[in-house]
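S.K.: Whatever position you read off the sequence shown (first residue = 1), add 13 for our numbering.
By construction, the Cβ of each residue, glycine as well, lies at the ideal position given by its N, Cα and C atoms.
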Amino acid sequence: MKRADRVGCWLAVGVAAGLWASGCGPQRGTEPLPVVPSVLEANGMDVLWQTQLVLAKKTPVSPLRRTHLVRLWLCDSLLIGLGDDNWIYAVDAKTGVRRWSMPAAPKHETVQQPAVHGDKVWVVSTTTLLGLEAAAGREVSKTRLDFAASGRPAACETHVFIPNIQGYLEALAVMPDIVPWRRWMEGAVTAGPVLDNTMVYFASQGGQVIASSQSRHRTSWLYRAEGSVTADLRRTKAGLVLVASLDYSVYAFAGGGGRLVWQYHAGEPVRKAPYAQGDLVFVFTEAKGLTAVDAESGDARWILAAGQDYASADAKNAYIVSRGEDILAVSRSDGKVQFGLPLRHGTLVGENETDSGILYLATPEGQVMAAAAAKSESP
Numbered sequence: 014m015k016r017a018d019r020v021g022c023w024l025a026v027g028v029a030a031g032l033w034a035s036g037c038g039p040q041r042g043t044e045p046l047p048v049v050p051s052v053l054e055a056n057g058m059d060v061l062w063q064t065q066l067v068l069a070k071k072t073p074v075s076p077l078r079r080t081h082l083v084r085l086w087l088c089d090s091l092l093i094g095l096g097d098d099n100w101i102y103a104v105d106a107k108t109g110v111r112r113w114s115m116p117a118a119p120k121h122e123t124v125q126q127p128a129v130h131g132d133k134v135w136v137v138s139t140t141t142l143l144g145l146e147a148a149a150g151r152e153v154s155k156t157r158l159d160f161a162a163s164g165r166p167a168a169c170e171t172h173v174f175i176p177n178i179q180g181y182l183e184a185l186a187v188m189p190d191i192v193p194w195r196r197w198m199e200g201a202v203t204a205g206p207v208l209d210n211t212m213v214y215f216a217s218q219g220g221q222v223i224a225s226s227q228s229r230h231r232t233s234w235l236y237r238a239e240g241s242v243t244a245d246l247r248r249t250k251a252g253l254v255l256v257a258s259l260d261y262s263v264y265a266f267a268g269g270g271g272r273l274v275w276q277y278h279a280g281e282p283v284r285k286a287p288y289a290q291g292d293l294v295f296v297f298t299e300a301k302g303l304t305a306v307d308a309e310s311g312d313a314r315w316i317l318a319a320g321q322d323y324a325s326a327d328a329k330n331a332y333i334v335s336r337g338e339d340i341l342a343v344s345r346s347d348g349k350v351q352f353g354l355p356l357r358h359g360t361l362v363g364e365n366e367t368d369s370g371i372l373y374l375a376t377p378e379g380q381v382m383a384a385a386a387a388k389s390e391s392p
């Protein structure tokens, strides 16, 4: 089958798959797409699906007002968009079927990237923790916070862990008979925590990096960086905890015991979270752009000065948002640019930290699409 035919086939399957969902499946709109499909095809990529979110909302007060997407997040199996009115829109990341939408918070509040655990989606705004069913978006709990949430949450079976601007990590219990807890830090907490099977790892603007039991506050280890930590923490598949600091360093800790496995010196403050993909850790800084660091040794392998942010990666290429806000396909082995994908102005990119290589893109008007390198055809 020719690639052009295959693209059309994918779109037809996507539309058909959504018909059972009361018309909420992938639908092609009239708005321009984030990237032209023919450009994808020319560079060996396929459109997996595309859909048009219904964003327009008219009221007697604002009959001409139209909502726009301002953020796009890949949250486990859901692709979640955030509107400038603080509505959230959930799409099945595999099929493009539109799942549900709902208001997450009043417009004046900040909505953080949702945390997903099991069949629940946890949405944190400045003042509220909202628990939703992942499949249908039905509200299952709503908790008014007595603190100001200031960063991306993380969730496990028993707790949702939320940064507090006043200098605490808050562990809110979400199961009956489970005790909540909090840990005071030296400085505001704005970095999102990360979890493994039993521990939660978090850091503060005071430079503290702490590992604690998830079930109750019991510090396993503590490390003091020489500068503030403001970027979200990450983990590699090998279990290393990655911490970016304004002291010019990215630290990699062995999660269980807290041993410092390596420390990469960036030569300037590291304000963005690192991204771990296979044998590489992608570090972004203002002056250098992107530095690909060996995930085992912490040694720099190559530099891409045009690199601004991470989009996705597969076995062959990393897909990087350039300073010109295009997508660059960069060879993982040597950092050479293979091709570029011009994006429509204002395109939102969902960071995909899996190894699928799928690009998730959306326009402010609500055109959402997924694309990936075409699979080689069997002879």
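Would you kindly check if the distance between the Cβ of alanine 383 and the Cβ of leucine 61 is under 7 Å?
M.R.: The answer is yes: Cβ separation under 7 Å.
S.K.: Identify the residues that DSSP records as bridge partners of asparagine 330: which are they?
M.R.: Bridge partners of asparagine 330: Ser344.
S.K.: In the DSSP output, what is asparagine 177 paired with across the bridge?
M.R.: Asparagine 177 pairs with Ala162 and Tyr181.
S.K.: Go through its chain and collect everything with a Cβ distance to isoleucine 101's Cβ below 6 Å, but skip five positions before and after it.
M.R.: These residues qualify, in order along the chain: Ile93, Leu95 and Ala117.
S.K.: Could you give the DSSP three-state label for valine 52: helix, strand or coil?
M.R.: If DSSP states are grouped into helix, strand and coil, valine 52 belongs with the helices.
S.K.: Let me check understanding here. Comparing Cα to Cα, which of Val136, Gly164 and Phe160 lies closest to arginine 151?
M.R.: Among Val136, Gly164 and Phe160, the Cα nearest to that of arginine 151 belongs to Val136.
S.K.: Using DSSP with H/G/I as helix, E/B as strand and the rest coil, what is proline 392?
M.R.: Confidence in proline 392 is poor, its pLDDT being 49 and thus under 50, which makes the residue's placement too unreliable to answer from.
S.K.: Please classify methionine 382: does DSSP put it in a helix, a strand, or coil?
M.R.: Three-state result, methionine 382: strand.
S.K.: Quick check: the Cα distance between threonine 232 and isoleucine 223, rounded to an integer number of angstroms?
M.R.: C-alpha separation (whole angstroms): 7 Å.
S.K.: Please state whether DSSP places valine 153 in a helix, a strand or coil.
M.R.: Three-state DSSP puts valine 153 in a strand.
S.K.: Counting only the same chain and skipping the five closest in sequence on each side, list residues whose C-beta sits under 8 Å from that of glycine 302.
M.R.: Ile316, Leu317, Ala318, Ala319, Gly320, Gln321 and Arg336, listed in sequence order.
S.K.: I need the DSSP call for aspartate 368, collapsed to helix, strand or coil.
M.R.: It is coil, neither helix nor strand.
S.K.: Mapping DSSP to helix, strand and coil, what is isoleucine 93?
M.R.: The answer is strand: DSSP assigns isoleucine 93 an E or B state.
S.K.: Note the first and the last residue of the continuous beta strand (DSSP E) segment covering threonine 80.
M.R.: No beta strand (DSSP E) contains threonine 80, which DSSP labels as neither H nor E.
S.K.: Among the residues of its own chain, which have a CB less than 7 Å from the CB of glycine 363, if the five just before and after it don't count?
M.R.: Once the five neighbours on either side are set aside, the close Cβ partners of glycine 363 are Leu85, Trp86, Leu87, Leu92 and Tyr373.
S.K.: Within a Cβ cutoff of 7 Å, which residues of the same chain sit near tryptophan 113, ignoring the five residues on either side of it in sequence?
M.R.: Here the set comprises Ala103, Ala149 and Gly150.
S.K.: Shorter than 6 Å, the distance from the beta carbon of alanine 106 to the closest heavy atom of the ligand SAM, or not?
M.R.: In the structure shown, the ligand SAM is absent, as is every other ligand, since no ligand is present at all.
S.K.: With DSSP run on the structure shown, which of helix, strand or coil describes methionine 188?
M.R.: DSSP places methionine 188 in coil when its eight states are reduced to three.
S.K.: Give the DSSP-derived three-state secondary structure of glycine 36 in the structure shown.
M.R.: Note that glycine 36 scores a pLDDT of 44, beneath 50, so its modelled location is shaky; the value from the coordinates is reported in the next line. Here glycine 36 sits in coil by DSSP.
S.K.: Just checking my contact of alanine 204 with valine 242 at CB under 8 Å: how many whole Å lie between their CB atoms?
M.R.: At roughly 5 Å, the Cβ-Cβ gap stays under 8 Å, so alanine 204 and valine 242 are in contact.
S.K.: Taking only the alpha-carbon atoms, compute the straight-line gap between alanine 265 and leucine 46 and give it to the nearest angstrom.
M.R.: Going from the Cα of alanine 265 to the Cα of leucine 46 covers about 39 Å.
S.K.: According to DSSP, is methionine 115 part of a helix, a strand, or is it coil?
M.R.: Strand, per DSSP.
S.K.: Determine the closest residue to serine 228 out of Met212, Met198, Gly220 and Glu239, with distance taken between C-alpha atoms.
M.R.: Here the closest residue by C-alpha is Met212.
S.K.: For leucine 87, does the three-state DSSP call read helix, strand or coil?
M.R.: Here leucine 87 sits in strand by DSSP.
S.K.: Let me know the secondary structure DSSP gives valine 263 once reduced to three states.
M.R.: Here valine 263 sits in strand by DSSP.
S.K.: Can you tell me the Cβ-Cβ gap for glutamine 290 and alanine 238, rounded? I've got them flagged as a contact below 8 Å.
M.R.: Glutamine 290 to alanine 238, Cβ: 24 Å. No contact.
S.K.: Can you tell me where the beta strand (DSSP E) holding leucine 142 begins and where it ends?
M.R.: Segment 141-146, the beta strand (DSSP E) holding leucine 142.
S.K.: Sorted by chain position, which residues of the same chain lie with C-beta nearer than 8 Å to glycine 200's C-beta, five sequence neighbours on each side aside?
M.R.: Hits under 8 Å: Gly180, Ser217, Gln218, Gly219, Gly220, Gln221 and Ser241.
S.K.: Just confirm the distance between the C-beta atoms of phenylalanine 295 and leucine 246, as a whole number of angstroms; I'd bet it's less than 8 Å.
M.R.: The pair is not a contact, with the Cβ atoms about 15 Å apart (cut-off 8 Å).
S.K.: By Cβ distance below 7 Å, which residues in the same chain neighbour alanine 386 in space, the five residues on each side in sequence not counted?
M.R.: These residues qualify, in order along the chain: Gly57, Met58, Asp327 and Gly370.
S.K.: If distances are taken between C-alpha atoms only, which option among Cys169, Asp347 and Leu185 comes closest to arginine 196?
M.R.: Taking only the C-alpha atoms, the option nearest arginine 196 is Leu185.
S.K.: Who pairs with alanine 362 in a beta bridge, going by DSSP?
M.R.: This sequence places valine at residue 362; alanine is not what is there. Looking at the DSSP assignment, valine 362 forms a beta bridge with Leu374.
S.K.: Reducing DSSP to helix, strand and coil, say where arginine 247 ends up.
M.R.: In the structure shown, arginine 247 sits in a strand (DSSP, three-state: E or B).
S.K.: Under the DSSP definition of a beta bridge, which residues are partnered with alanine 167?
M.R.: Partner(s): Phe174.
S.K.: Taking only the alpha-carbon atoms, compute the straight-line gap between aspartate 347 and threonine 171 and give it to the nearest angstrom.
M.R.: Cα to Cα, the separation comes out at about 43 Å.
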